[in-house]
Each structure stands twice: as C-alpha cells, then as structure tokens.
Amino acid sequence: MTAQNSRTAAGRRMVEELRLAHRPLRSDIAQLGVAIGMLEEAALAAEPVREIVAGLTVGQFAWQIKSRCEYFCDHLSLHHGIEDQRMLPVMQRQFPQLRSVITRLKDEHEQVSVLILEISVAARDLRGDDADSVGRLRGNLERLATLLAGHLDYEEASLFPYFEQMTRDWHQG
Ligand SMILES: [Fe+2]
Ligand SMILES: [Fe+2]
Numbered sequence: 009m010t011a012q013n014s015r016t017a018a019g020r021r022m023v024e025e026l027r028l029a030h031r032p033l034r035s036d037i038a039q040l041g042v043a044i045g046m047l048e049e050a051a052l053a054a055e056p057v058r059e060i061v062a063g064l065t066v067g068q069f070a071w072q073i074k075s076r077c078e079y080f081c082d083h084l085s086l087h088h089g090i091e092d093q094r095m096l097p098v099m100q101r102q103f104p105q106l107r108s109v110i111t112r113l114k115d116e117h118e119q120v121s122v123l124i125l126e127i128s129v130a131a132r133d134l135r136g137d138d139a140d141s142v143g144r145l146r147g148n149l150e151r152l153a154t155l156l157a158g159h160l161d162y163e164e165a166s167l168f169p170y171f172e173q174m175t176r177d178w179h180q181g
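Using our numbering, the letters of the sequence shown correspond one by one to residues 9 to 181.
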C-alpha cells in the first residue's frame, strides 16, 4: 500500500482543512507587507495627500492598513486559540511522541501573540505622515511574517503525517 493509499478519509479532510485555514494567513501577511511598504514610500516622500492606491490619500490608506492589521491579528489569534485549546490536546493524547513538537508549536503561538500585541500598538499609533510610525509597524509585520512562515510550514510538516493515520477528526475529540 502506498502512503497515498494509506491515508484515511478523516486524515485527508484534516489536512485539507488546515491547508485552507493557513492559505489566507500566508497571503494576507504578504499583502500587508506590500501595503505597508507602499505607505512607507509615500511617508518618506513627505507627500501627505499624495494619491497612491485607487485614489486613496495617504491618510485613508493608513487607516485601511490599520483596520486590516487589526482584522488579521484577530483572525490569527483565533486560529491559534482553537489549535491550543482543541487541536493540540487531541493530538497530544493520541500521539504522546508528539510532545516536543506540540511544545514547540505552543511556544511559537506564544511568540506570535507577543508580536501581535506589539503590532496592535504600532497600528494604533500609525500615521501616514509619520515615517517613524510606519517603519515601526513595517518592522513588526516583517518579524511576524518570518515567524509565521516558519510556524505554518513546521506545523503542517509535523502534524500532517499524524493526521493521515487518524480515523476520527480532532474536532470530535
Ligand atoms: Fe499553529
Ligand atoms: Fe495553524
């Protein structure tokens, strides 16, 4: 039997579900990175009302970035909260050999939550005409993008082989 054939239906569903949950996290953090880079360019050019995207002023664009940051961070916190409270305890119970993997995943969730707090503060203080405030948010978003990319890759690589052995969805306990 090949590895492909040995996958369970529940395993295939869980792999697909986690991939689908991670896809917007990966694309949204990349889009935020592009957006904050554009805002920084505008802020450094010291043109407070320069139109940069779809007719938006710098001030309006900064406001959009603030709200998208807030939405992204809330969504990411919710995703990690569900993993900490529901998915990882089930995986730990069923596969005690995953102890160190789960410890690392939880530690990374904690590191992300610390960074999210810093991003909230930086987003709150963001002003399109203040290059320092834009640079602070950009730096924090870059750190989050690096941390998150490694985390999502590690989570998928370490959990998918175990999902594929399961006959029952972790949602069912
Ligand atoms: Fe995670
Ligand atoms: Fe995840």
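Ideal Cβ placement from N, Cα and C applies to all residues, glycine included.
**Distance cut-off 8 Å: Ala130 Cβ against heavy atoms of ligand 2** = No, Cβ of Ala130 sits at least 8 Å from all heavy atoms of ligand 2.
**Item:** Candidates Phe103, Ser85, Ile124, Val42: closest to Glu172 by CA position
**Value:** The residue from Phe103, Ser85, Ile124, Val42 with its alpha-carbon nearest to that of Glu172 is Phe103.
**Prompt:** Given 8 Å as the limit, is there contact between the stretch 62-79 and the stretch 130-139, that is, 3 or more CB pairs closer than that?
**Reply:** yes
**Asked** In chain order, what residues of the same chain lie with their CB nearer than 6 Å to the CB of Val109, ignoring the 5 residues before and after it?
**Response** Closer than 6 Å at Cβ, skipping near neighbours: Ser166.
**Item:** Distance, Pro32 Cα to Glu48 Cα
**Value:** 24 Å
**Glu195: CB within 8 Å of a non-hydrogen atom of ligand 1** = Outside the displayed span of the chain (9 to 181) sits residue 195, for which this structure offers no information.
**Validate contact between the stretch 141-148 and the stretch 83-90 using beta carbons, cut 8 Å, 3 pairs** = no
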